[in-house]
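Participant: Protein sequences, first through last, are from chains A and B. Note that full-length UniProt numbering has the first sequence beginning at 1, numbered continuously upward. Note that full-length UniProt numbering has the second sequence beginning at 1, numbered continuously upward. Note that CB positions come from ideal geometry on N, CA and C, so glycine has one too.
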Amino acid sequence: MYSHASESLIKQAREIQESELQKFYSRLMKMLQGKELGHDTVDSLQRLHLILSATKYTRTLPLELQKRFVALLSSPAEQHQVLSAAVLRETLPLTGQELNYNHQLNSHAAGLLLSQAVSRGDLSSLCTQLLRNLESRPSEGPTHSLMHTLPVLNSVLTHSPECLSEDQMTLVSKKLVDWLRYASVMQGVGTSSGGFFTGPRSRQPVPIAELDGSVSGDFFTVLCVGQGFTEDQWMNVYSFSMLRHWLLTYHSSCSTTVDAANRLQLSLSLSHSHSFSNDDRSEVDGSVVSMVSATSSSSRLLPPKERLREKAFQYCQRLIEQSDRKAHKKTDTELQKACLVEAVCILDCVCVEDASLVYRTFPCIKALFGRLSSELSYARVLLPIAQFYLNHGEIAAVDCENVWKVVFGRFPTELFNDPFLAHELLRFLRLNLESIELRVPQYTRYFPNLLKFLAWDSPAMVDDFVDLLPSMVTTGTAVELLHTLLDLPCLSATLVLQHRSTCLPISEPVGRSFVSLDAFRNPSFRGLFLFLLRTEAGSGDTMDRLSTLHELLVEAADWPRVTQCARTVPVLLHVFFNTIVTIADEKLLAHLILVLLERSSLLLNIPAYIKEIHRVFSCHLLRLCKLHPSLVVNQSHELLEFAGSTANVYSKEELYTHVVWVLGEYLSVSCDSRCSVSLITSCFEALEAVLFEITSSAPPTGMVCPAPKVINTLMSALAKLASRSHDLIPRVSLFLSKLRTVTRSGSVAWCSDEEDLVAIVTRGEELWSLLKAPGVAQSVLTPPPHVIAPQWHRDTNVALPLQLRALTSLTHSQ
Amino acid sequence: MVRCFLIHTVCPVSALSAGESRVLYSRVFGPDDGVLSERHRELSPEERRLLQKEKVAAVARQVRSAVSLSRESSGRLIVETMPGEENLALQDADCGVVRLRAGDPFSEETSALWLGVQSLGFTLVCEPHENLLLAEGTLRNLTRHCLEHLHMLGQGSEVLLKSNRIDVLLSRLLPHGQLLFLNHRFAQSLEKEVAAYMAK
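#1: Between serine 458 of chain A and serine 70 of chain B, what straight-line distance do the alpha-carbon atoms span, to the nearest angstrom?
#2: Quick check on DSSP: helix, strand or coil for tyrosine 25 of chain B?
#3: Residues in the UniProt domain "AP-5 complex subunit zeta-1 ARM repeats" (335-452) of chain A with C-beta within 7 angstroms of chain B's C-beta atoms, listed in sequence order?
#4: Identify every residue that forms a DSSP beta bridge with alanine 209 of chain A.
#5: Per the contact definition of three or more C-beta pairs closer than 8 angstroms, is the segment 125-139 of chain A in contact with the segment 52-59 of chain B?
#6: Look at the alpha carbon of phenylalanine 362 of chain A and the alpha carbon of glutamine 233 of chain A, and state the distance between them as a whole number of angstroms.
#7: Between the Cα of valine 690 of chain A and the Cα atoms of A:Gln498, A:Ile711 and A:Leu572, which residue gives the shortest distance?
#8: Taking only beta carbons into account, state which residues of the segment 545-566 of chain A come closer than 7 angstroms to chain B, listed in chain order.
#9: On the criterion of 16 or more Cβ atoms from any shown chain inside 10 Å, does isoleucine 385 of chain A qualify as buried, or is it exposed?
#10: For the segment 151-170 of chain A, which residues have a beta carbon sitting closer than 8 angstroms to at least one beta carbon of chain B?
#11: Does cysteine 11 of chain B have its Cβ less than 8 angstroms from a Cβ in chain A?
#12: Ordered along the chain, which non-local residues of its own chain (more than five positions away) have a Cβ less than 6 angstroms from that of leucine 83 of chain A?
#13: Return the CA-CA distance between aspartate 280 of chain A and aspartate 324 of chain A, expressed in angstroms with no decimal places.
#14: Near threonine 713 of chain A, which residues of its chain fall below 8 angstroms by C-beta distance, leaving aside the five closest residues on each side in sequence?
#15: Taking the beta strand (DSSP E) that cysteine 95 of chain B falls in, what are its first and last residues?
#16: Does any residue of chain A have a CB that is nearer than 8 angstroms to the CB of proline 83 of chain B?
#17: Since glutamine 62 of chain B and alanine 112 of chain B are thought to touch, with beta carbons under 8 angstroms apart, how far apart are those beta carbons, to the nearest angstrom?
#18: With a CB to CB cut of under 7 angstroms and the five nearest residues on each side skipped, what residues in its chain are close to glutamate 342 of chain A?
#19: Quick check: what's the CA-CA separation for aspartate 122 of chain A versus leucine 131 of chain A?
#20: I'd like to know whether the C-beta atoms of glutamate 110 of chain B and arginine 3 of chain B end up nearer to each other than 8 angstroms.
#21: Which residues does DSSP list as the beta-bridge partners of isoleucine 7 of chain B?
#22: Shorter than 8 angstroms from the beta carbon of phenylalanine 520 of chain A to some beta carbon of chain B?
#23: Classify asparagine 183 of chain B as buried or exposed, calling it buried when 16 or more other Cβ atoms lie within 10 Å of its own Cβ.
#24: For chain E, is any of its Cβ atoms less than 8 angstroms away from the one on valine 194 of chain B?
#25: Does the beta carbon of isoleucine 610 of chain A come closer than 8 angstroms to any beta carbon on chain B?
#26: Who are the neighbours of lysine 722 of chain A on chain B, taking C-beta pairs under 8 angstroms?
#27: What are the residues that DSSP puts in a beta bridge with serine 111 of chain B?
#28: Return the CA-CA distance between arginine 27 of chain B and cysteine 345 of chain A, expressed in angstroms with no decimal places.
#29: Are the Cβ atoms of leucine 142 of chain B and leucine 174 of chain B separated by less than 8 angstroms?
#30: When the cut-off is 8 angstroms and only beta carbons count, does glutamate 7 of chain A lie next to chain B?
#31: Alpha carbon to alpha carbon, how far is serine 267 of chain A from alanine 396 of chain A?
#32: Which value, in whole angstroms, describes the spacing of the CA atoms of asparagine 797 of chain A and proline 785 of chain A?
#33: So that I know if they touch, is there some Cβ in chain B lying closer than 8 angstroms to that of glycine 111 of chain A?
#34: Beta-carbon within less than 6 angstroms of glycine 286 of chain A's beta-carbon, same chain only, minus the 5 sequence neighbours each way: which residues are those?
#35: Strictly by DSSP, which residues pair up with glycine 116 of chain B?
#36: Ends of the alpha helix (DSSP H) at isoleucine 606 of chain A?
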């Protein structure tokens, strides 16, 4: 598809020499003198466009040439308009270049003006011109001459809603009402009339039809068909296409976050019939008017804005009815779905603006939900319905339980591999998080299900989950969530297996993944996989046979989906820990530390994964202990168990180092009064034993020598502990002197690098010297907090120099 | 509204580094993003154009990355199809959506829907609150027309040399970035106009 020819064309276009370019310009100028543009001219204009657009740096056209293009923009031939607009878009507008506003702007010229607008004034003038054309409406002229008005207007609204004046807004509202509700119900003249039917009979007006072929019985909508279309039917399509945006822009308070208190007050005053509170008079009065208009059909009494709202409401209700019909064409079925989405969104918008409409709307939405909730192919339509329930369910006192069961319970289970649904569902969560946390408290229990989206397509979903994960962290489910996050790669593998299992028949050999697929289908392992695939939290923190699971999935470690998922877990763990420290009490944090230690050896064996997780664990272990130093004494038993195992030095070096460090730093009376001498001693002994072991023999086969950091940390920890319990000092000294002797003889089996060995020995000597003055040792090795925290002007010793410095800089002349 | 429509490479290009993408066609709709916001008031038109080009390139890069990760994880092989098999190519195409955060590169959060047809990607960047179902259908339709009218399954360079055809296609099916609710008869009518233009 993309060939070398294209690549070289672009290269040529970028590297064209200035002289050649100037020649080209003059050739073009000559070609453009004539009225008609031949094929050669068109080709040359295209080449010019390529030359201009291929580079991001702007080229300037000669003034004459540019003026010629501006003139060409108003040519009646569309090809001229398109080519000149394309060229002019790639150059800078001439200062003082003004397109003639006096006649009608064609679509391409309007587009150019739009893209070159530099101020609100420009946009306002464009709008004024377009609306003037709309009003004047010359009877001659091509059918589509005004079709671009609404899209251009909509484009302006997106960036600058203030460009329309009140009058202009009223005008547009009125026009929209006309087109939406009162478009012709007869078919227009067909552009392709069959040769046979030329008799007078065929010229009788034929009514429009529905998508299933039956004759239409109500007003025209986008879901009506005919042989040809009249102009107002076209405008009906354009009007509906921009309706939601118009309502969102100009019908105030039309956003998903509405003041809950106001609405509650309104609903209360509506439910206690006619007992209005004085404060909300205007809101209630407005809704009373709408209720009246609902019962009476003379909505012409309403001002334009309210009238548009009413017509929009009717249009959407009609669309919802029409979507129940079985369309003949697949594209029309897809359009029906899109119309349902749009209709529900508009109804939601309209109900937010005028809460009394909720009572008229809810039956319809409820029926729609009932009709579609079991159809997975309509899943994306159910999201706007869920939004509606979220916004208005409380006011209407409707039970929304079923909606959330479907959205949180069913969709992630069955449709985790639909990228669009995933995107939309997660966006729905993100945009409505506050409301959901308030009204759908069971949301936090569904994290195992929601994480399936991430497990399947991590790169696309991780961004959303970084935003959503904090809301899923609760004290009740924190431990289970941590386990779930650590097992995300396993979930990813399971989803792949599930997907393969449904796609492939049982008997067919599947090539490489025999073991795991067999295991997935094996009844004795069913429980493991079912636990991973659970929809709700609460049935247990994790499974017993995790190691079995990891063995079964060992070949999944190089599946792309699994490795992509594994790369996102560290990020999510950081988010998790950052959130949990803000809400957890010490008891929970202690439990989490235990999980850290336990899971450090229970992870799916993906090459870089285990190392990364250990790094994250280390970072947060440090953080937790810093925030709550007494955790160390609390969990000393488990921490010591971990630190006392020599195997951990080799297999989990990073984490081991940090565990030793926190033990050394926080196992003291000043951190927790329960820290006894015997505790310090037993910790000391455990660490001492490990240190002896690793510095007396070579590492076991297959392992590398421990990094100097580990040994240094061990030595420092021992020194710190000894400085708190002076009886231990002789033992430290003994070790350090032994160390010096051993290393003096040259290389050692446990350290491969000469320089590292020197560093270790030097450190040892420093510690030994420190310990010779036990009283000082403690303050140096574990300085009390007020020493390390800077006090600046509060510290009398520091204050004076600071004051002097400030005075000097003030009094110095320069 | 749709912010922009791009056609760009999603395969490795020899002249570019690994993650880069060559933009073959781009059309940004509506007024310039930065003009009406405070931030870029002081920029000259030249700088604004440059900024816009860079933004488009940034979108292309992000989509390219998403496409290659998606293809890697699905493990599907890219099958080259011949001219005439446009429908097959479209059926085989992978699709997805990338969330573009606010500021990266447009000032508001946007969603970039993409269709990966062999070595090229077709991307539609939509604003928030846009009907993505409709956008998806429109993107597929646009892609099909581009593949057919510009003979993109072959080795030609019409996408570069006949870009005015894409302009006309967009002016009918996505005028000024407006997504349209077109049933098959409306769509037919517009497509006939487009075909008539292409025949010239």
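Facilitator: The answer reads as follows:
#1: For the purposes of this step, residue 458 of chain A is taken as residue 458 along the first sequence, with counting starting at 1. For the purposes of this step, residue 70 of chain B is taken as residue 70 along the second sequence, with counting starting at 1. If you take the alpha carbons of serine 458 of chain A and serine 70 of chain B, they lie about 10 angstroms apart.
#2: Residue 25 of chain B sits at position 25 when you count from the first residue of the second sequence. Tyrosine 25 of chain B: strand per DSSP, three-state reduction.
#3: Leu335, Lys337, Ala338, Cys339, Val341, Glu342, Arg380, Pro419, Phe420, His423 and Glu424
#4: As a first step, residue 209 of chain A is located in the first sequence; it is residue number 209 there, counting from the start. DSSP output for alanine 209 of chain A lists A:Val215 and A:Val225 as bridge partner(s).
#5: no
#6: Walking along the first sequence from the start, residue 362 of chain A turns up at place 362. Walking along the first sequence from the start, residue 233 of chain A turns up at place 233. Cα-Cα distance, rounded: 29 angstroms.
#7: The residue labelled residue 690 of chain A in the question sits at position 690 within the first sequence. Ranking A:Gln498, A:Ile711 and A:Leu572 by Cα distance to valine 690 of chain A puts A:Ile711 first.
#8: Pro560, Arg561 and Gln564
#9: What you label residue 385 of chain A is simply residue 385 of the first sequence in a count that begins at 1. It counts as buried.
#10: Pro151, Val152, Asn154, Ser155, Val156, Thr158, His159 and Ser160
#11: Counting from 1 along the second sequence, the entry for residue 11 of chain B is found at position 11. Yes, because at least one Cβ of chain A sits closer than 8 angstroms to the Cβ of cysteine 11 of chain B.
#12: For the purposes of this step, residue 83 of chain A is taken as the residue at position 83 of the first sequence. Only Leu45 meet the Cβ criterion.
#13: Against the first sequence, residue 280 of chain A aligns to sequence position 280. Against the first sequence, residue 324 of chain A aligns to sequence position 324. Residue confidence for aspartate 280 of chain A is low, a pLDDT of 41 falling below 50, so the modelled location carries little weight and cannot support an answer.
#14: Along the first sequence, read from residue 1 onward, the residue named residue 713 of chain A stands at position 713. Once the five neighbours on either side are set aside, the close Cβ partners of threonine 713 of chain A are Thr657, Val660, Trp661 and Gly664.
#15: For the purposes of this step, residue 95 of chain B is taken as residue 95 along the second sequence, with counting starting at 1. Counting along the chain, the beta strand (DSSP E) containing cysteine 95 of chain B begins and ends at 94-100.
#16: Walking along the second sequence from the start, residue 83 of chain B turns up at place 83. No, proline 83 of chain B does not count as interfacial toward chain A.
#17: Taking the second sequence and counting its residues from 1, the one referred to as residue 62 of chain B is at position 62. Taking the second sequence and counting its residues from 1, the one referred to as residue 112 of chain B is at position 112. Indeed they touch by this definition, with Cβ atoms about 7 angstroms apart.
#18: Here residue 342 of chain A corresponds to residue number 342 of the first sequence, with the count starting at 1. Here the set comprises Arg244.
#19: In the first sequence, counting from the first residue as 1, residue 122 of chain A sits at position 122. In the first sequence, counting from the first residue as 1, residue 131 of chain A sits at position 131. Rounded to whole angstroms, aspartate 122 of chain A to leucine 131 of chain A spans 14 angstroms at the Cα level.
#20: As a first step, residue 110 of chain B must be located in the second sequence, where it is residue number 110. As a first step, residue 3 of chain B must be located in the second sequence, where it is residue number 3. Here the sequence assigns threonine to residue 110 of chain B, which means glutamate is not the residue at that position. Cβ atoms of threonine 110 of chain B and arginine 3 of chain B: closer than 8 angstroms.
#21: Stepping through the second sequence from its first residue, residue 7 of chain B is reached at position 7. In DSSP, isoleucine 7 of chain B forms a bridge with B:Tyr25 and B:Phe122.
#22: In the first sequence, the residue the question calls residue 520 of chain A occupies position 520. So no, phenylalanine 520 of chain A is outside the interface.
#23: Residue 183 of chain B sits at position 183 when you count from the first residue of the second sequence. Buried.
#24: Reference to chain E is not applicable here, since the protein chains of this structure are A and B.
#25: Within the first sequence, numbered from 1, the residue matching residue 610 of chain A stands at position 610. Chain B, which has no Cβ nearer than 8 angstroms to the Cβ of isoleucine 610 of chain A, makes this no.
#26: The residue labelled residue 722 of chain A in the question sits at position 722 within the first sequence. Reading the sequence as shown, one finds alanine at residue 722 of chain A and not lysine. The contacting residues do not exist; alanine 722 of chain A stays about 52 angstroms from chain B at best.
#27: Here residue 111 of chain B refers to the residue found at position 111 when the second sequence is read from its first residue. Looking at the DSSP assignment, serine 111 of chain B forms a beta bridge with B:Arg99 and B:Cys126.
#28: Walking along the second sequence from the start, residue 27 of chain B turns up at place 27. Walking along the first sequence from the start, residue 345 of chain A turns up at place 345. Cα to Cα, the separation comes out at about 28 angstroms.
#29: Along the second sequence, read from residue 1 onward, the residue named residue 142 of chain B stands at position 142. Along the second sequence, read from residue 1 onward, the residue named residue 174 of chain B stands at position 174. In contact: leucine 142 of chain B and leucine 174 of chain B (Cβ atoms closer than 8 angstroms).
#30: Translated into the one-based positions of the first sequence, residue 7 of chain A becomes position 7. At least one chain B Cβ lies under 8 angstroms of glutamate 7 of chain A.
#31: Here residue 267 of chain A refers to the residue found at position 267 of the first sequence. Here residue 396 of chain A refers to the residue found at position 396 of the first sequence. In this prediction, serine 267 of chain A scores a pLDDT of 47, lower than 50, which makes its location untrustworthy; the coordinate-derived value is nonetheless stated afterwards. Roughly 8 angstroms between the two C-alpha positions.
#32: Here residue 797 of chain A refers to the residue found at position 797 when the first sequence is read from its first residue. Here residue 785 of chain A refers to the residue found at position 785 when the first sequence is read from its first residue. Roughly 17 angstroms separates the two Cα atoms.
#33: Locating residue 111 of chain A in the first sequence gives position 111, where the first residue counts as 1. Answer yes: the Cβ-Cβ gap between glycine 111 of chain A and chain B drops below 8 angstroms somewhere.
#34: Residue mapping note: residue 286 of chain A aligns to position 286 of the first sequence, counting from 1. Note that glycine 286 of chain A has pLDDT 40, beneath the 50 cutoff, so the model's placement of it is unreliable and the number below is only indicative. Excluding sequence neighbours, glycine 286 of chain A sits near nothing in its chain.
#35: Translated into the one-based positions of the second sequence, residue 116 of chain B becomes position 116. Beta-bridge pairing links glycine 116 of chain B to B:Asp94 and B:Gly121.
#36: Taking the first sequence and counting its residues from 1, one reaches residue 606 of chain A at position 606. Per DSSP, isoleucine 606 of chain A belongs to no alpha helix (DSSP H) and is neither H nor E.
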